[in-house]
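Everything on this sheet refers to the single structure shown next.
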Amino acid sequence: MFAVETQKLTKQYGKVYALKKLDFTIDQNEIMVLLGPNGSGKTTLLLILATVLKPTSGKAEVMGLDVAAQPTQVRKLLGVAFQEARGFWRHKPADILRFHASVCGVPKTKAKSTIEDLFKDLELWDARNKLFMHLSGGQAKRLEVSKVLVQRPKFAILDEPTSQVDLRGKRQIWEKIRELQEEGSTILVATNEVREAEYLADRVTVLDRGKFVVSDSVRRLKDSIAGGDIVELEIDTSEPKSLEKALNLIEGTVKITNAEENRFKAYVSMAESWVPKMTEICYQNKARIHSIRITEPSLDDVFLHFTGRTLREDDK
Amino acid sequence: MRNVVRLIWFDLKPELSPPVWIVMEWAVFLVQAGVYGAIISQLVTNPSIGDYRQFYSVGLVIMITFDMASHTGRHFVEHAHEGRLPYLLSLPISRAKLFLTIALQGATELALMLAVPLTVTLLIIGNLTWISVVACILTLFFLGFGVAGLMLGLSFIAFKSSDLYTAMVTGLSAIIIRFSTVLYPFIVLPSQYASAAAFSPLTYGSDLVRFILGFDPAILLDPFYAVAVLAGLAASTLGLGVFLAQRLVEGVKSA
């Protein structure tokens, strides 16, 4: 059984489709990252799975429970960290987490120690008794994620969990999300931060304008781009033309350019299998390699490859 | 039900620590009834009304009830705008219990707000008995539920424009209070005002409370009619409000 499964899931606002016939699955105990620019339907999908929004048509199941027909049972399994950490302006972080833990059925003693640990680990200790309205954006975001971490749900939904958080804070949150997975949770993260997706994802699902584009592991998505890896070479050879010809024959080579006499730029499909073959050829041709620099495609490149647009294009 | 209580207490706690808002409302009531009520009762000498301060104090209690009920409806809209509503909707509580929480929280706030004004009013009238207290509270809660439901029903406007909603509610509040029997009895209203007052829920709430407290029935509307209107209003507007709000927040209507 999939942890999450949607079939032809559609959400329509008037004539606009926020999601259009989305078929999508998450395996048990997997971290699935939803990647897409603003307006791609990520948050709509999360809100439907969290039973906050109802789908226009189609079906969505969480742990085998239909989100439209059994919403209360679904809510007992999930925890959500929303994109915007807002709401309880006149409450203190300690009160907010205690309340959340009690409503979600976390035993009092366990909640107390977990909340204390989280405040320390996520650097919220000094802010624990401030009013929410006095927290910085980063602190508020960390508190939002802490709700899920206190609850330890079977299915955790995190919408841009590290936006507004500094680099150190991002790392801390990512580690906590990984810990949650190790305890058996299934996790769905929506982000448009490529680094976050690369760090966390077991699989990435790319959404664009409410439609499913592609879903696979980060490695396979990158490898699926023909010529996505760029290998820059500096080679000392007396016959650059014949070497270029030989390199062009290596399996996975898409294009070789020879900008300067001894400098080559190879666009290849999988650098890790291409480079050993290249060194072998250089050895046979008595060409001396001075330097090799490999650049792999980013998830932004993956998005560009599959949609023809960059992740940031819609933000402009 | 424990989660309902937790949620109510979680929301009420900041209001009560310290309870500035409630105490200020009590203070305003005491000044209005004690100073303004005493002076205006010298000017209003209609024999069918009797001591106008008594009539006026009941009117103030009705206005507090209306304000609190409107506040409950507005609160819901603010929750949606502030982003708190999605959080509440994601908690492991059924929708019915969540809306019950909103209603009970409004009722609790209303009870706190009315504790002093209602007691003082009953003392001024000289009718501080268990029966009058219970009957008045029931009437005021019915009125409160009706008004809160009305505001919830109007909340769909706020999802389009919060400014328009605020303007609508402010205007509507002014009209509902002025065109009612909150501050003057039905019999002294000019006919065109009287026909408008017949549409204000406050007319039925204030006349029913005054009937319970022993005011001359000749200056009031038929109490059975008032009970029927208030009960019907509470059931219909609250039901409609919850229905509309649920469809709006869960995005069904937009489909």
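These protein sequence lines are chains Y and L, in that order. Counting with the working numbering, you get residues 2 to 317 for the letters of the first sequence. Counting with the working numbering, you get residues 1409 to 1663 for the letters of the second sequence. Note that beta-carbon positions come from the ideal geometry of N, C-alpha and C, so glycine has one too.
Chain L partners of residue i, CB-CB under 7 Å?
i: residue 202 of chain Y; result: Simply none; closest approach about 23 Å.
i: residue 81 of chain Y; result: 1498
i: residue 92 of chain Y; result: 1422
Which residue's Cα is closest to the Cα of residue i: the options?
i: residue 297 of chain Y; options: Y:74, Y:40 and Y:226; result: Y:226
i: residue 240 of chain Y; options: Y:201, Y:285, Y:196 and Y:215; result: Y:285
i: residue 242 of chain Y; options: Y:262, Y:230 and Y:232; result: Y:262
i: residue 1479 of chain L; options: L:1518, L:1649, L:1456 and L:1600; result: L:1518
i: residue 1650 of chain L; options: L:1549, L:1499, L:1551 and L:1481; result: L:1481
i: residue 187 of chain Y; options: Y:274, Y:80 and Y:310; result: Y:80
i: residue 231 of chain Y; options: Y:170, Y:51, Y:270 and Y:59; result: Y:270
i: residue 229 of chain Y; options: Y:140, Y:169 and Y:304; result: Y:304
i: residue 1558 of chain L; options: L:1434, L:1426 and L:1640; result: L:1640
i: residue 32 of chain Y; options: Y:148, Y:175, Y:69 and Y:151; result: Y:175
i: residue 260 of chain Y; options: Y:234, Y:307 and Y:47; result: Y:234
i: residue 1477 of chain L; options: L:1632, L:1514 and L:1506; result: L:1514
i: residue 156 of chain Y; options: Y:16, Y:108, Y:183 and Y:9; result: Y:183
i: residue 1563 of chain L; options: L:1416, L:1648, L:1411 and L:1434; result: L:1648
i: residue 41 of chain Y; options: Y:217, Y:18 and Y:104; result: Y:18
i: residue 1494 of chain L; options: Y:167, Y:47 and Y:78; result: Y:47
i: residue 256 of chain Y; options: Y:268, Y:245 and Y:264; result: Y:268
Taking residue i and residue j to be in contact with their CB atoms under 8 Å, please state how far apart those CB atoms are, rounded to whole angstroms.
i: residue 289 of chain Y; j: residue 237 of chain Y; result: 4 Å
i: residue 12 of chain Y; j: residue 49 of chain Y; result: 6 Å
i: residue 222 of chain Y; j: residue 195 of chain Y; result: That pair is no contact at about 11 Å.
i: residue 125 of chain Y; j: residue 91 of chain Y; result: With 8 Å as the limit, residue 125 of chain Y and residue 91 of chain Y do not qualify as a contact, their Cβ atoms being about 18 Å apart.
i: residue 89 of chain Y; j: residue 1492 of chain L; result: 7 Å
Suppose the cutoff is 8 Å on Cβ atoms and the five residues either side in sequence are ignored; what does the same chain contact list for residue i look like?
i: residue 1467 of chain L; result: 1590, 1591 and 1614
i: residue 129 of chain Y; result: 93, 94, 95 and 120
i: residue 136 of chain Y; result: 94, 128 and 144
i: residue 1423 of chain L; result: 1429, 1430 and 1517
i: residue 1500 of chain L; result: 1411
i: residue 310 of chain Y; result: 38, 209 and 304
i: residue 1512 of chain L; result: 1412 and 1416
So with CB distances below 8 Å, who are the chain L contacts of residue i?
i: residue 85 of chain Y; result: 1491
i: residue 258 of chain Y; result: Result: empty, since nearest Cβ-Cβ is about 51 Å, beyond 8 Å.
i: residue 123 of chain Y; result: What residue 123 of chain Y touches in chain L: nothing, since even the nearest Cβ is about 19 Å away.
i: residue 52 of chain Y; result: 1497 and 1498
Mind pulling the chain Y residues with CB within less than 8 Å of residue i?
i: residue 1414 of chain L; result: 100, 103 and 104
i: residue 1535 of chain L; result: Within chain Y, no residue comes near residue 1535 of chain L; the closest Cβ sits about 38 Å away, beyond 8 Å.
i: residue 1427 of chain L; result: Near residue 1427 of chain L there are no residues of chain Y at all, since even the closest Cβ is about 13 Å away, more than 8 Å.
i: residue 1631 of chain L; result: By Cβ distance, chain Y contributes nothing, its closest Cβ being about 41 Å from residue 1631 of chain L, past 8 Å.
i: residue 1454 of chain L; result: Neighbours of residue 1454 of chain L on chain Y: none; closest Cβ ~46 Å, over 8 Å.
Can you list, in chain order, the residues of its chain whose CB lies under 7 Å from that of residue i, leaving out five sequence neighbours each side?
i: residue 1605 of chain L; result: 1587, 1588, 1589, 1594, 1597 and 1611
i: residue 199 of chain Y; result: 219 and 300
i: residue 1394 of chain L; result: Nothing can be reported for residue 1394 of chain L, as the shown portion of chain L is limited to 1409 through 1663.
i: residue 138 of chain Y; result: 165
i: residue 43 of chain Y; result: 35, 37, 191 and 208
i: residue 83 of chain Y; result: 145 and 160
i: residue 185 of chain Y; result: 30
i: residue 1608 of chain L; result: 1584, 1587 and 1588
i: residue 1448 of chain L; result: 1460 and 1464
i: residue 1433 of chain L; result: 1472 and 1521
i: residue 140 of chain Y; result: 125 and 128
i: residue 1660 of chain L; result: Caution is warranted here: a pLDDT of 48 is assigned to residue 1660 of chain L, below 50, making its placement in the model unreliable, and the coordinate value is therefore given only provisionally. Closer than 7 Å at Cβ, skipping near neighbours: no residue.
Name, please, each residue of chain L whose Cβ falls closer than 9 Å to the Cβ of residue i.
i: residue 77 of chain Y; result: 1500
i: residue 135 of chain Y; result: Within chain L, no residue comes near residue 135 of chain Y; the closest Cβ sits about 14 Å away, beyond 9 Å.
Spatial neighbours of residue i within its chain, please: C-beta separation below 6 Å, excluding the five flanking residues on both sides.
i: residue 258 of chain Y; result: 266
i: residue 247 of chain Y; result: 282
i: residue 1463 of chain L; result: 1457
i: residue 112 of chain Y; result: 102
i: residue 6 of chain Y; result: 26 and 62
i: residue 10 of chain Y; result: 20, 23, 56, 59 and 61
i: residue 1552 of chain L; result: 1473, 1477 and 1518
i: residue 1469 of chain L; result: 1525, 1526 and 1529
i: residue 107 of chain Y; result: none
So does residue i have its beta carbon nearer than 6 Å to some heavy atom of the ligand MN?
i: residue 1435 of chain L; result: Annotation note on the ligand MN: not contained in the displayed structure, which lists no ligands.
Cβ closer than 7 Å: which chain Y residues qualify as neighbours of residue i?
i: residue 1418 of chain L; result: 100
Are any of the Cβ atoms in chain C nearer than 7 Å to that of residue i?
i: residue 1422 of chain L; result: In the displayed structure, chain C is absent; the protein chains listed are Y and L.
Q. What residue ranges within the segment 178-240 of chain Y form continuous beta strand (DSSP E) runs of no fewer than 3 residues, ordered along the chain?
A. Correct list: 187-192, 204-209, 212-217 and 230-237.
| request: Any chance you could list the beta strand (DSSP E) runs of at least 3 consecutive residues sitting entirely within the segment 18-104 of chain Y, in chain order? | output: Given a length threshold of 3 residues, each whole run of the beta strand (DSSP E) inside the segment 18-104 of chain Y is given here in chain order: 32-36, 58-63 and 79-82.
Complete runs of the alpha helix (DSSP H) confined to the segment 1576-1611 of chain L [at least 4 residues]: Fully enclosed alpha helix (DSSP H) runs of 4 or longer: 1599-1605.
Residue ranges of each beta strand (DSSP E) within the segment 248-315 of chain Y, 3 or longer:
If only uninterrupted beta strand (DSSP E) runs of at least 3 residues are considered, those enclosed by the segment 248-315 of chain Y are 254-261, 264-269 and 289-296.
4-residue-minimum alpha helix (DSSP H) runs that sit fully inside the segment 1439-1506 of chain L, ordered along the chain: Counting only runs of 4 or more, we get 1445-1451, 1460-1490 and 1492-1498.
Which full runs of the beta strand (DSSP E) of 3+ residues lie inside the segment 107-176 of chain Y, going along the chain?
If we require 3 residues or more, the beta strand (DSSP E) runs fully inside the segment 107-176 of chain Y come out as 156-160.
Runs of alpha helix (DSSP H) wholly within the segment 1519-1565 of chain L (minimum 4 residues, chain order):
Correct list: empty.
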